[in-house]
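J.: Heads up, the sequence shown is in my numbering, so the first residue is 660 and it goes up one at a time.
The beta carbon of each residue, even a glycine, is placed where N, CA and C say it ideally should be.
Have a look at the structure that comes next, please.
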Amino acid sequence: MEESAREEILARLRKVPKEETPVRPVLPPARELSLDKEGLVSLFTEKLSRETGVVYRAADRDEALDHLTEIARTENLKRVMTSTDDTILSLDLPAWGDRNGVAVSTAADYVDREEYKRAVFDEADAGITGADFAVAETGTLVTAHSERQPRLLSLAPILHIAVVGIDRLVPVYEEALNAFYGDGGRIPAHVTLITGPSMTADIRATSFKGMHGPRRVMVILLG
């Protein structure tokens with residue numbers, strides 16, 4: 660291309676008016692942000708119930724154990740596997756199991772991974788775990804996994820029971836995820852978001868709950 664033609668094209672391009680980048684409208688605050696604690700509990704319960712989950716309230720440790728006893732009797736639980744996060748350790752579930760005829764184990768009780776996997780898939784009647792957060796806007800549990808919080812406990816047994824401190828109930832996803840990713844701290848390798856029982860629509864695009872994981876999810880809000 661001759662130099663004069665190149666300059667002519669560039670000059671014409673420079674004269675083209677620049678379009679301003681459209682500014683996204685400011686969204687109003689989510690209504691969940693204005694709710695008090697009881698409002699958040701009510702919303703979380705409503706949302707999880709829509710997904711066939713069940714929510715219990717427990718004022719203290721003893722009441723949480725009473726709920727677990729009721730669940731164990733109703734669901735005929737004989738063997739459960741638990742996480743070892745602080746919330747679950749505070750309940751002393753091995754002692755609770757001895758009183759109620761329920762065998763309680765953790766991942767550390769198995770000599771190798773294959774034995775552990777066999778037990779969690781084929782032998783455990785329920786997985787009992789804590790959760791880092793409960794999100795009111797959708798009835799979702801948010802859990803960062805570690806040695807103390809193995810991922811399979813909330814994904815493999817037919818029944819998943821989560822015990823969550825009410826101080827971990829937040830209005831929206833952002834508050835939960837920012838706690839992991841927004842403060843410059845250590846980012847967890849794996850975070851799971853659980854909204855009710857597992858669900859798939861792989862077969863004829865028909866929604867079906869409980870095919871690949873828990874058929875039921877129960878949450879005890881503690882505090």
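Mark residue 849 as exposed unless 16 or more other C-beta atoms lie within 10 angstroms of its C-beta, in which case mark it buried.
T.: Translated into positions along the sequence shown, residue 849 becomes position 190. Under this definition residue 849 is an exposed residue.
J.: Assuming residue 715 is part of the beta strand (DSSP E), what are its boundary residues?
T.: Residue 715 sits at position 56 when you count from the first residue of the sequence shown. Unbroken beta strand (DSSP E) run through residue 715: 713-717.
J.: Residue 805 by DSSP, collapsed to three states: which one?
T.: Within the sequence shown, residue 805 is the residue found at index 146, counting from 1. Here residue 805 sits in strand by DSSP.
J.: Can you check which of these residues, 699, 783, 774, is closest to residue 826 by C-alpha distance?
T.: Residue mapping note: residue 826 aligns to position 167 of the sequence shown, counting from 1. Of 699, 783, 774, the residue nearest in Cα terms is 699.
J.: Among the candidates 835, 722, 693, 750, whose CA atom is the shortest distance from the CA of residue 847?
T.: Position 188 of the sequence shown, counted from the first residue, corresponds to residue 847. Nearest option by C-alpha distance: 835.
J.: Here's a check: name, in chain order, each residue in its chain whose Cβ is nearer than 6 Å to the Cβ of residue 685, leaving out the five neighbours to either side.
T.: Numbered from its first residue, the sequence shown carries residue 685 at position 26. For residue 685, where only same-chain residues beyond five positions count, there are no Cβ hits under 6 Å.
J.: Is the number of C-beta pairs between the segment 700-712 and the segment 758-773 that are closer than 8 Å three or more?
T.: no
J.: Considering only residues of the same chain and omitting the five flanking positions on each side of residue 719, which have a CB-CB separation below 7 Å?
T.: Here residue 719 refers to the residue found at position 60 of the sequence shown. Excluding positions up to five away in sequence, the list is empty.
J.: By Cβ distance below 6 Å, which residues in the same chain neighbour residue 811 in space, the five residues on each side in sequence not counted?
T.: For this step, residue 811 is matched to residue 152 along the sequence shown. Excluding sequence neighbours, residue 811 sits near 779.
J.: Let me check understanding here. Comparing Cα to Cα, which of 800, 816, 768 lies closest to residue 806?
T.: Counting from one through the sequence shown, the residue named residue 806 turns up at place 147. For residue 806, the nearest C-alpha among the options comes from 768.
J.: Select from 822, 783, 693 the residue whose C-alpha is nearest the C-alpha of residue 800.
T.: In the sequence shown, residue 800 corresponds to position 141, counting from 1. The option with the nearest alpha carbon to residue 800 is 822.
J.: Could you give the C-beta distance for residue 741 and residue 727, rounded to a whole number, given that I count them as a contact under 8 Å?
T.: Taking the sequence shown and counting its residues from 1, the one referred to as residue 741 is at position 82. Taking the sequence shown and counting its residues from 1, the one referred to as residue 727 is at position 68. About 10 Å separates the two Cβ atoms, so there is no contact after all.
J.: Check the C-beta distance from residue 828 over to residue 880 and give it rounded, since I have them as a contact under 8 Å.
T.: Within the sequence shown, numbered from 1, the residue matching residue 828 stands at position 169. Within the sequence shown, numbered from 1, the residue matching residue 880 stands at position 221. Their Cβ separation, rounded to whole angstroms, is 7 Å, which keeps residue 828 and residue 880 in contact under 8 Å.
J.: Hey, how far is the Cα of residue 692 from the Cα of residue 833?
T.: Against the sequence shown, residue 692 aligns to sequence position 33. Against the sequence shown, residue 833 aligns to sequence position 174. Cα to Cα, the separation comes out at about 11 Å.
J.: For residue 697 and residue 716, what's the separation of their Cα atoms in angstroms?
T.: Translated into positions along the sequence shown, residue 697 becomes position 38. Translated into positions along the sequence shown, residue 716 becomes position 57. Going from the Cα of residue 697 to the Cα of residue 716 covers about 11 Å.
J.: Can you give the Cα-Cα distance for residue 711 and residue 776, rounded to whole angstroms?
T.: Numbered from its first residue, the sequence shown carries residue 711 at position 52. Numbered from its first residue, the sequence shown carries residue 776 at position 117. About 27 Å.
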